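Participant:
Protein chains in written order, with this note's numbering: chain U, 168 to 483; chain L, 168 to 483; chain H, 168 to 483; chain E, 168 to 483.
See below:
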């Protein structure tokens, strides 16, 4: 468990300006864990049922952290407090960048299910369905591209790691976050209401009504009713379930909400330089130098910050 | 249980062109019911836990329907088949109109929860939150207004009932359907990730960690932690649960999907008359008569239909 | 010319807290007028060319206003300053309500041109075109419905006039403002690039290339090339012209921008009462009284305001 | 002038399945050109006034093309007709890819003007303005990233040139096209109505009212009224003018409309392979091979095509 501050901190916050690493079974650490998994199937092979997610609310109840596990300690050295925000943003940054890789995969799972159910419902070739599928795919591609470009425009940190470009990372992760509910909407749209009115799985395997129920799952004559059931049953598990809500909320907020990405983007983009374009075009400034994207990289920011802290003996 | 056809039907469909009323425990009627309710609370008063929904997949397994319970019988009189689509649309129409009354209430519940959690999170007064809340409210108002106007522009049917205006009803219900996922997005946006990472209710009442867990629910000092828990617990039940998925799917598809409302609107709106406006303005037609909204009301459609059927002894 | 304050005003603003009526040619009134009209046609009948718009930047250069033309005078009686905001909002309110009547007509003109060009381009029946047309129509209907419902829920003012409901009016006018650029997008989408690359009208009537140019306007064989030209020429005049920009800006800002409508809605909607719904459902409040839309009508607001001003001898 | 076919062609279209290069003043080529430029200024320095655009409607009136200028000739060799669609798509492809470079620059000009006018209007720091600016920037970044990634995932053509990835290129160019009207909306939103009601430039320099008019351009006390005028005058030229309409239409349709990009994407994305993800997860297929983005590259398509044409002596 690696713990970092979660926001910018001022002098009063120094006790919270800490970063450290601990094993999760450390004394005093309480994990209030909430596991969630896709509804399992009792009657059919259902690999999705093997996947799940566990979110944890962690309480530190008078926990001792040895010095050699501490990275930042505003309590021990109040001047370190100033770095809290920097750590918070850097954690978020890598998390957001990882999103540009993992989130397109979730979108592709949704697109895959939407394409499959569209085929089973016999509407795959209609123009509105093609349009909706291509927009799911397009979102995955754009988020992925933002991640790839932000890696290309990365900057080497003093530690030797590469820091991806923040504007591109945040623009990509924000798009992912803004689209997750729309993606679920498309999936439900192409599925139809049946994903919410589907009888319990047991009904399809009961002696009494199983055969009849299965009969009415038939759609496309080239698709076995069992597979139609698997498809609707699978989408039900993805879209009408506790874990669906979790995926929606995680898709929106994971790594930072769209609002946070907007704030980060605006901190890193120099609007004054951007304005120079129109100041020149409109005759307010007489010259426009060769224009470059006016970003403030973490290194530039850190240097500026270090300069400001100089002589204050920040590190022990 | 009142049964009506679900689409337009042709001569081959005559056996399905039936409408009738039966008690739900009638011989041969099989109800595959799927009840869903809001997560109940074991430790706190939680009135929402008293509400739920039951969707049913109904199978008619060789059911006998007495003549006096039949409204339409394409099997007995094939010419009645032509009315199947009309009945399907009229059922959908009243369902959609009722949506313009009930759906704004769901939006208001969502808006209410979003406003409450925004207060508890201390962000209620920020402009983006006000904007999001006002758009939830605006959607409820617009859908309601569409329903009210469609009632005002209703037309008396031969039976004496009023038939609401179809263009307005469908425009209103479609907006409701198109916005439901966006509404959930706003609710999750203002709530933050906690609605998906909230420890199980029991944790807050356990001897071991209950007091500590409750302590960390505190936000706004003027709000008791118990009430903060109730709020997040309540939103979790509304947004991260099986019934949340059901409400989303029902909000999208109930009474007919947005795509169906689009089709109905375009069947009832006379585009040729609409084009006359620009034909006049652009000099293609020399005159434009006093312009009225070019709608085709059900009565006009029925009269036209009856005329076409004349002499065919449609009714027994 | 009826002049009213444009915003809430405080004691320092008293010299600007005035309302009065003057003829536009009054001494010292300077009108900097900017007329705009649809491109006229030299070669074809083009009724749209008869329409236009004139926006005026009005300067009051030391203007004398006789007492009998004054409605509000913060300068003469500083306590009247408090009414400035009320007048500003009431002017905006009626303007916005009138928008719910006139703006749907503009949308219908756009929808009409979009439907006509879709026919000429041979794409009218495709599902994406039907979807786009039905959304133009839907927007017009929803804005109209909001206006009609706001009239139905109006309240009689002490003066005897009816004040439309502010929540509904603002929700309707805001939707209109938010959609205007989207409406132009649909029109351009269905037209294709030709509306921006169309040769000058003269080319089609020149001896040199007129016949050839006209030949290549042919699309649908049932439509005369002259009418195709009229259609594209007309849409060009509506969408690729100075007045197009004006219609877009006026559609967005006329009567108040969407942001202003959001602010007004939130001033008139009692969020505390709205929160009671979820407070009840979540167990925070034990009872929920019969729920009514929690609006603050102008009359309620004025009464409250009058009470606060009581004994301050506001009117002379 | 390089001429290529504009769509897929069948045997009947062979006379149009031609590609060639000609000087623009070649005998029989008629250029119906429509130049447009930003409104020039008579009183102020206004570099934007130096820019413009010329769209041309080109008619080939019995034009002779020498053999050494011909690349494709379906008329001379009907089998070449089959390549017409390929050429059309490849032209569009490079055009669309170039858009991912040039279009972000237009968005940045719009963002620059929006940021400048927001500063002059004193609203730059409000959260809704920051949000709108960051979305303009985000769109530019995402389109650029799509172009950069599509270059990275390019494929060497037999000729030695690199062919950018079509899915990424089309996803990027489509986003640009879908957002152009929204971008203009944001610019108008932050500018306010003044860009459409601004007096003619001459008014500000007239003896009669110039001084007065300029006085009322003052907003932010730190900004000279002349610069405020330059800013509004400049935005007026960009947003309320014939060229504004042209930029909107070109932004939507240039290189192919969003609908065309959707079609291209769906031609190049193998939905059957995409469906395998959910077929595996839902238990319909028992295995999922290592998953790769299921794109059909131009080379794969060409090879398939060549194989199909084999032995048909396509090339002379």
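Every residue gets a Cβ at the ideal spot worked out from N, C-alpha and C, and that includes glycine. What you are looking at is a predicted structure, and each value in this text was computed from that prediction instead of being measured.
May I ask you to report which of helix, strand or coil DSSP gives residue 483 of chain E?
Facilitator: Taking the first residue of the fourth chain as 1, we reach residue 483 of chain E at position 316. With a pLDDT of only 41 at residue 483 of chain E, under 50, the local geometry of the prediction cannot be trusted, and the value read off the model is given with reservation. The answer is coil: DSSP assigns residue 483 of chain E none of H, G, I, E or B.
Participant: My output table needs one value for residue 197 of chain L: the three-state DSSP class, helix, strand or coil.
Facilitator: Position 30 of the second chain, counting from 1, holds the residue named residue 197 of chain L. Secondary structure of residue 197 of chain L (DSSP, three-state): strand.
Participant: Could you have a look at residue 461 of chain H and say whether DSSP puts it in helix, strand or coil?
Facilitator: Residue 461 of chain H sits at position 294 when you count from the first residue of the third chain. Of the three classes helix, strand and coil, the one that applies to residue 461 of chain H here is coil, per DSSP.
Participant: What is the DSSP secondary structure of residue 229 of chain E, counted as helix, strand or coil?
Facilitator: Here the question's residue 229 of chain E lines up with position 62 in the fourth chain. Residue 229 of chain E falls in the coil class under three-state DSSP.
Participant: Grab the span of the beta strand (DSSP E) containing residue 185 of chain E for me, first residue to last.
Facilitator: Your numbering for residue 185 of chain E matches position 18 in the fourth chain. Run containing residue 185 of chain E: 185-188, per the beta strand (DSSP E) assignment.
Participant: Run down chain L in chain order and give the residues with a C-beta less than 7 angstroms from the C-beta of residue 383 of chain U.
Facilitator: Walking along the first chain from the start, residue 383 of chain U turns up at place 216. By Cβ distance, chain L contributes 226.
Participant: Going by DSSP, name the residue or residues bridged to residue 220 of chain U.
Facilitator: Here residue 220 of chain U corresponds to residue number 53 of the first chain, with the count starting at 1. U:203, per the DSSP bridge assignment.
Participant: Give me the subset of the region 448-465 of chain E whose CB atoms are less than 9 angstroms from a CB atom of chain U, sorted by chain position.
Facilitator: Going along the region 448-465 of chain E in chain order, one finds 448, 449, 450, 451, 453, 455, 458, 460 with a Cβ nearer than 9 angstroms to chain U.
Participant: In whole angstroms, give me the CA-to-CA distance for residue 307 of chain H and residue 331 of chain H.
Facilitator: Counted from its first residue, the third chain places residue 307 of chain H at position 140. Counted from its first residue, the third chain places residue 331 of chain H at position 164. Answer to the nearest angstrom: the Cα atoms are 19 angstroms apart.
Participant: In whole angstroms, what is the alpha-carbon distance linking residue 402 of chain E and residue 262 of chain E?
Facilitator: Looking up residue 402 of chain E in the fourth chain gives position 235. Looking up residue 262 of chain E in the fourth chain gives position 95. Straight through space, the alpha carbons of residue 262 of chain E and residue 402 of chain E are spaced by roughly 28 angstroms.
Participant: Can you list, in chain order, the residues of its chain with a C-beta nearer than 6 angstroms to that of residue 341 of chain L? Leave out the 5 residues immediately preceding and following it.
Facilitator: Along the second chain, one-based indexing puts residue 341 of chain L at 174. Result list for residue 341 of chain L: 425, 428, in chain order.
Participant: Roughly how many whole angstroms lie between the Cα atoms of residue 441 of chain E and residue 452 of chain E?
Facilitator: Reading the fourth chain from its first residue, position 274 is the one you call residue 441 of chain E. Reading the fourth chain from its first residue, position 285 is the one you call residue 452 of chain E. Spanning the two alpha carbons is a distance of roughly 13 angstroms.
Participant: Can you grab the Cα-Cα spacing for the pair residue 222 of chain E / residue 416 of chain E, in whole Å?
Facilitator: By 1-based counting over the fourth chain, the position of residue 222 of chain E is 55. By 1-based counting over the fourth chain, the position of residue 416 of chain E is 249. For residue 222 of chain E and residue 416 of chain E, the distance between alpha carbons rounds to 12 angstroms.
Participant: Can you list the residues of chain H that residue 419 of chain L reaches, using a CB-CB cut of under 8 angstroms?
Facilitator: The sequence position of residue 419 of chain L within the second chain is 252, counting from 1. By Cβ distance, chain H contributes nothing, its closest Cβ being about 16 angstroms from residue 419 of chain L, past 8 angstroms.
Participant: Whose CA, out of L:435, L:339, L:279, lies closest to the CA of residue 297 of chain H?
Facilitator: Taking the third chain and counting its residues from 1, one reaches residue 297 of chain H at position 130. For residue 297 of chain H, the nearest C-alpha among the options comes from L:435.
Participant: When we look at the beta-carbon of residue 362 of chain U and count the other beta-carbons within 10 Å, is it buried (16 or more) or exposed?
Facilitator: For the purposes of this step, residue 362 of chain U is taken as the residue at position 195 of the first chain. The residue in question, residue 362 of chain U, is buried, as its Cβ has 16 or more Cβ neighbours within 10 Å.
Participant: Is the Cβ of residue 340 of chain U closer than 9 angstroms to any Cβ of chain L?
Facilitator: Here residue 340 of chain U is taken as the residue at index 173 of the first chain, counted from 1. So no, residue 340 of chain U is outside the interface.
Participant: Would you kindly check if the distance between the Cβ of residue 359 of chain H and the Cβ of residue 420 of chain E is under 9 angstroms?
Facilitator: Here residue 420 of chain E refers to the residue found at position 253 of the fourth chain. Here residue 359 of chain H refers to the residue found at position 192 of the third chain. For residue 420 of chain E and residue 359 of chain H, yes; Cβs fall inside 9 angstroms.
Participant: Who are the near neighbours of residue 570 of chain H in its chain, counting only those whose CB is closer than 7 angstroms to its CB and skipping five residues on each side?
Facilitator: In the structure displayed, chain H extends from 168 to 483; residue 570 of chain H sits before or after that span and is not available.
Participant: Alpha carbon to alpha carbon, what distance is there between residue 186 of chain L and residue 248 of chain L?
Facilitator: Counting from 1 along the second chain, the entry for residue 248 of chain L is found at position 81. Counting from 1 along the second chain, the entry for residue 186 of chain L is found at position 19. Taking the straight line joining both Cα atoms gives about 11 angstroms.
Participant: Taking the alpha helix (DSSP H) that residue 365 of chain L belongs to, which residues open and close that run?
Facilitator: In the second chain, residue 365 of chain L corresponds to position 198, counting from 1. Residue 365 of chain L -> no alpha helix (DSSP H), and no H or E assigned at all.
Participant: Using a threshold of 9 angstroms, state whether the C-beta atoms of residue 311 of chain H and residue 268 of chain H are closer than that.
Facilitator: Taking the first residue of the third chain as 1, we reach residue 311 of chain H at position 144. Taking the first residue of the third chain as 1, we reach residue 268 of chain H at position 101. Yes, these two residues count as a Cβ contact at 9 angstroms.
Participant: Among the residues of its own chain, which have a CB less than 6 angstroms from the CB of residue 121 of chain E, if the five just before and after it don't count?
Facilitator: With chain E covering 168 to 483 only, the question about residue 121 of chain E has no answer from this structure.
Participant: What's the gap between the Cα of residue 423 of chain U and the Cα of residue 292 of chain U?
Facilitator: Along the first chain, read from residue 1 onward, the residue named residue 423 of chain U stands at position 256. Along the first chain, read from residue 1 onward, the residue named residue 292 of chain U stands at position 125. C-alpha separation (whole angstroms): 37 angstroms.
Participant: Can you grab the Cα-Cα spacing for the pair residue 377 of chain E / residue 229 of chain H, in whole Å?
Facilitator: What you label residue 377 of chain E is simply residue 210 of the fourth chain in a count that begins at 1. What you label residue 229 of chain H is simply residue 62 of the third chain in a count that begins at 1. Between residue 377 of chain E and residue 229 of chain H, the C-alpha separation is close to 16 angstroms.
Participant: What does residue 298 of chain U touch in chain E if you count any residue whose Cβ is under 7 angstroms from its own?
Facilitator: Taking the first residue of the first chain as position 1, residue 298 of chain U is located at position 131. In chain order: 429.
Participant: Could you give the uninterrupted runs of the alpha helix (DSSP H) lying entirely in the region 322-391 of chain H, keeping only those of 4 residues or more?
Facilitator: 333-358, 361-364, 377-382
Participant: Mark residue 400 of chain L as exposed unless 16 or more other C-beta atoms lie within 10 angstroms of its C-beta, in which case mark it buried.
Facilitator: As a first step, residue 400 of chain L must be located in the second chain, where it is residue number 233. It is buried - the Cβ of residue 400 of chain L has at least 16 other Cβ atoms within 10 Å.
Participant: Would you call the region 279-290 of chain H and the region 380-390 of chain H touching, i.e. three or more CB-CB distances under 8 angstroms?
Facilitator: As far as the Cβ criterion goes, the region 279-290 of chain H touches the region 380-390 of chain H, which means the pair count is three or higher.
Participant: Which residue wins for smallest C-alpha separation from residue 356 of chain E, given the options H:412, H:379, H:393?
Facilitator: Against the fourth chain, residue 356 of chain E aligns to sequence position 189. Residue H:412 is the option with its Cα nearest to residue 356 of chain E.
Participant: Under 9 angstroms, do residue 404 of chain U and residue 199 of chain L count as touching if we go by C-beta distance?
Facilitator: The residue labelled residue 404 of chain U in the question sits at position 237 within the first chain. The residue labelled residue 199 of chain L in the question sits at position 32 within the second chain. Contact flag unset, no.
Participant: So which residues of chain U does residue 236 of chain E contact, with C-beta pairs closer than 8 angstroms?
Facilitator: In the fourth chain, the residue the question calls residue 236 of chain E occupies position 69. Here the premise fails: no neighbours, minimum Cβ distance about 38 angstroms.
Participant: Less than 9 angstroms between the C-beta atoms of residue 246 of chain H and residue 224 of chain H, yes or no?
Facilitator: Indexing the third chain from 1 puts residue 246 of chain H at position 79. Indexing the third chain from 1 puts residue 224 of chain H at position 57. No, the pair does not count as a contact, with Cβ atoms beyond the cut-off.
Participant: Where does the unbroken alpha helix (DSSP H) through residue 455 of chain E begin, and where does it stop?
Facilitator: Against the fourth chain, residue 455 of chain E aligns to sequence position 288. Per DSSP, residue 455 of chain E is not a residue of any alpha helix (DSSP H), being assigned neither H nor E.
Participant: I'd like the span of the beta strand (DSSP E) that includes residue 443 of chain H, first residue to last.
Facilitator: Here the question's residue 443 of chain H lines up with position 276 in the third chain. Here residue 443 of chain H belongs to no beta strand (DSSP E); instead the alpha helix (DSSP H) covers 438-448.
Participant: Exposed or buried, what is residue 173 of chain H when buried is set at 16 or more other beta-carbons lying within 10 Å of its beta-carbon?
Facilitator: Taking the third chain and counting its residues from 1, the one referred to as residue 173 of chain H is at position 6. Residue 173 of chain H should be labelled exposed.
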